[in-house]
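2 protein chains.
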Amino acid sequence: MSLEMNMKNHGYAILRNNIENTINLKINDEEFHAICSKMSPKILKKNKLFIQEGQYSDEVHFITKGACYAFDVDDKGDKHTFQFSIEEHWIGDLYSFFSGNLGIYNAETIEDTNFLVIKRKDFEKLCDDYPIFDRFFRILIQNAFVALQYRLVKSQTESAADRYKAFLKKTPHLLQRIPQYLIASYLGIKPQSLSRIKKDVLK
Amino acid sequence: MSLEMNMKNHGYAILRNNIENTINLKINDEEFHAICSKMSPKILKKNKLFIQEGQYSDEVHFITKGACYAFDVDDKGDKHTFQFSIEEHWIGDLYSFFSGNLGIYNAETIEDTNFLVIKRKDFEKLCDDYPIFDRFFRILIQNAFVALQYRLVKSQTESAADRYKAFLKKTPHLLQRIPQYLIASYLGIKPQSLSRIKKDVLK
DNA sequence: GTATTTCGTTCACATAGGTTAAGAAAATCG
DNA sequence: CGATTTTCTTAACCTATGTGAACGAAATAC
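Protein chains in written order, with my numbering: chain Y, 76 to 278; chain R, 76 to 278.
Here's what the structure looks like:
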């Protein structure tokens with residue numbers, strides 16, 4: 076199947092939007108083709124583990140449809156979710172991806188999910204050949220950094236109940252798509268505690 | 076004072092090292108002069124608040140000597156430290172810096188501190204004119220992102236005692252320079268709790 | 001160098017969230 | 001569709017950390 080054919084499906088247009096919205100600038104067709112030629116489609120069913128701790132993670136995933144979550148497993152075997160990602164967002168074990176070391180995180184689909192993935196080598200080549208992608212990934216990760224820092228601060232300053240209310244307010248659409256026990260895990264509490272909190276919030 | 080004079084003092088050489096180590100590449104003199112011409116020295120005594128919540132924060136600081144910390148103040152007036160920065164590191168309210176909105180964080184010196192600061196406008200101009208700085212800031216913030224994500228995960232999976240031990244192991248040099256109550260705040264606990272933990276760790 | 005403020009420690013008590021267990025509700029499977 | 005598994009809720013009890021207060025030690029100011 077030709078690249079042209081490929082681009083009709085698989086959500087390459089969504090990718091172009093994501094890039095242009097992020098850098099607040101149109102990219103030209105050469106640049107667009109350059110990145111498309113390096114990103115391959117991947118389709119996974121619900122509940123598939125696609126990033127695994129202890130394995131090299133040399134690609135990052137752009138979601139064109141579906142939902143997934145990234146998590147860490149602690150010594151007791153408990154999962155701790157630190158990211159939800161849906162269409163038009165990126166997900167990966169960036170520690171492994173950028174450092175080249177063995178991965179430390181896991182990620183799994185929550186729904187049937189379509190991705191476009193890029194390998195580290197291709198990512199680096201792309202940035203070398205087209206500075207616009209250094210720009211794009213700089214801004215992408217700047218935004219991610221700012222959001223993450225905000226979460227870290229709030230996880231230290233707010234009660235679990237307040238974090239839950241903030242989650243409801245900020246991402247109500249995720250409530251429909253994500254099981255409660257993962258939301259609890261994302262908030263840093265146990266499912267039983269989230270149940271308790273929800274009961275209190277109603278009062 | 077000429078730029079040449081300026082560069083002899085104020086730690087511009089430290090900045091060049093920081094850039095070259097980060098991108099793993101030498102920059103040429105033109106590029107170096109370009110960034111130097113946009114970064115101004117700033118010198119502050121100990122215990123000076125230099126970033127303030129509610130004010131626009133349109134510059135980021137590179138530390139050439141000294142130490143500072145960034146913090147949030149919660150509804151009860153309690154400070155929550157989320158970053159320590161010493162020489163050869165950057166500090167700023169990146170939320171305000173990148174978004175142009177009013178700042179949400181604070182930062183204060185812990186020691187007499189020397190900075191080089193760059194304004195957002197100059198930062199943007201620099202990245203437009205020299206793609207190498209898109210590259211530099213991309214990698215700088217990539218590294219910061221990965222470290223921050225690790226901290227977020229650990230803050231959810233580890234006990235305060237384990238976080239303290241990890242802090243000791245990873246940054247023993249900070250123990251000498253930073254008061255205990257700030258370390259407690261960084262670990263997400265109260266000074267009294269850190270005292271208790273230290274006593275237990277000895278056993 | 002003394003006075004004053006800030007910092008670190010200890011303790012007794014309070015509380016948010018964890019733990020364990022059980023049952024109800026919902027989703028998935030055959 | 002009914003059977004099975006997974007998810008959500010409730011409740012009783014437990015534990016890590018917070019709270020408030022007191023005191024000595026250290027740092028800072030005068």
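Idealized CB from N, CA, C, for every residue including glycine. All of these numbers come straight from a predicted model, not from anything done at the bench.
What does residue i touch in chain R if you count any residue whose Cβ is under 9 Å from its own?
| i | result |
| --- | --- |
| Y/SER230 | LEU227, SER230, GLN231 and GLY263 |
| Y/PHE107 | By Cβ distance, chain R contributes nothing, its closest Cβ being about 18 Å from Y/PHE107, past 9 Å. |
| Y/PRO266 | None at all; the shortest Cβ gap to chain R is about 15 Å. |
| Y/ASP204 | Residues of chain R passing the Cβ test: none, with the nearest at roughly 11 Å. |
Give the residues of chain Y in contact with residue i, contact being defined as C-beta atoms less than 7 Å apart.
| i | result |
| --- | --- |
| R/VAL221 | LEU169, TYR170 and PHE173 |
| R/ASP147 | VAL228 and THR232 |
Name the chain R residues that come within less than 7 Å of residue i, Cβ to Cβ?
| i | result |
| --- | --- |
| Y/PHE54 | The structure shown does not extend to residue 54 of chain Y, since chain Y is modelled only from 76 through 278, so no value can be given for it. |
Quick one: give me the first and last residue of the beta strand (DSSP E) that residue i is part of.
| i | result |
| --- | --- |
| Y/ILE102 | Element bounds for Y/ILE102: n/a, residue is neither H nor E. |
| Y/ILE118 | 115 to 119 |
| R/ASN181 | 181 to 184 |
| Y/LEU124 | 124 to 126 |
Which two residues bound the contiguous alpha helix (DSSP H) that contains residue i?
| i | result |
| --- | --- |
| Y/SER234 | It is not in any alpha helix (DSSP H) - Y/SER234 carries neither H nor E in the DSSP assignment. |
Could you name the residues of chain R that residue i contacts, counting a contact when the two beta carbons are closer than 8 Å?
| i | result |
| --- | --- |
| Y/ILE216 | ARG213, ILE216, GLN217 and PHE220 |
| Y/ASP197 | Under the 8 Å cutoff, chain R gives no residues; its nearest Cβ is about 16 Å from Y/ASP197. |
In chain Y, which residues lie less than 8 Å from residue i when you measure between Cβ atoms?
| i | result |
| --- | --- |
| R/GLN224 | PHE157, LEU169, TYR170 and LEU223 |
| R/ASP209 | PRO206, ASP209, ARG210 and ARG213 |
The ligand GDP heavy atoms versus the CB of residue i: any closer than 7 Å?
| i | result |
| --- | --- |
| Y/LYS196 | This structure lacks the ligand GDP, and indeed carries no ligand of any kind. |
Ignoring anything shorter than 3 residues, give me the beta strand (DSSP E) runs that lie fully in the stretch 130 to 171 of chain Y, in order along the chain.
DSSP runs (the beta strand (DSSP E)) wholly in the stretch 130 to 171 of chain Y: 134 to 140, 142 to 148 and 154 to 161.
Given 8 Å as the limit, is there contact between the stretch 249 to 265 of chain Y and the stretch 136 to 156 of chain Y, that is, 3 or more CB pairs closer than that?
Touching, yes, given that three or more Cβ pairs across the two stretches are closer than 8 Å.
Contact between the stretch 241 to 260 of chain Y and the stretch 241 to 249 of chain R: three or more CB pairs below 8 Å?
In short, these stretches do not touch, since the Cβ pair count stays below three.
Where are the alpha helix (DSSP H) runs, 4 residues long or more, that stay fully inside the stretch 238 to 264 of chain R, in chain order?
With a minimum length of 4 residues, the unbroken runs of alpha helix (DSSP H) contained wholly in the stretch 238 to 264 of chain R fall at 247 to 252 and 255 to 262.
Validate contact between the stretch 135 to 145 of chain Y and the stretch 159 to 167 of chain Y using beta carbons, cut 8 Å, 3 pairs:
Counting C-beta pairs with one atom in each stretch, the stretch 135 to 145 of chain Y and the stretch 159 to 167 of chain Y have three or more that are closer than 8 Å, which means they touch.
For the stretch 150 to 165 of chain R, which residues have a beta carbon sitting closer than 7 Å to at least one beta carbon of chain Y?
Residues are counted here when their Cβ sits less than 7 Å from a Cβ of chain Y; for the stretch 150 to 165 of chain R these are HIS155 and PHE157, given in chain order.
Say whether the stretch 226 to 242 of chain Y touches the stretch 126 to 137 of chain Y, bearing in mind that this needs 3 or more beta-carbon pairs closer than 8 Å, one atom from each stretch.
The stretch 226 to 242 of chain Y, when compared against the stretch 126 to 137 of chain Y, does not touch it at the 8 Å Cβ threshold.
Would you call the stretch 110 to 119 of chain Y and the stretch 86 to 101 of chain Y touching, i.e. three or more CB-CB distances under 8 Å?
Counting C-beta pairs closer than 8 Å gives three or more between the stretch 110 to 119 of chain Y and the stretch 86 to 101 of chain Y, which meets the contact rule.
Mind pulling the alpha helix (DSSP H) runs of 4 or more residues that sit fully within the stretch 191 to 236 of chain R?
List check, alpha helix (DSSP H) in window: 195 to 204 and 206 to 232.
Counting Cβ pairs, one atom from each stretch, are 3 or more of them under 8 Å apart for the stretch 180 to 187 of chain Y and the stretch 114 to 122 of chain Y?
Three or more beta-carbon pairs separated by less than 8 Å link the stretch 180 to 187 of chain Y to the stretch 114 to 122 of chain Y, which places the two stretches in contact.
Taking one C-beta from the stretch 167 to 180 of chain Y and one from the stretch 213 to 222 of chain R each time, how about it: are there three or more such pairs within less than 8 Å?
Yes, the stretch 167 to 180 of chain Y touches the stretch 213 to 222 of chain R.
Assess contact between the stretch 200 to 209 of chain Y and the stretch 193 to 210 of chain R, defined as three or more Cβ pairs (one per stretch) separated by less than 8 Å. Is contact present?
Inter-segment contact for the stretch 200 to 209 of chain Y and the stretch 193 to 210 of chain R is present: three or more beta-carbon pairs are separated by less than 8 Å.
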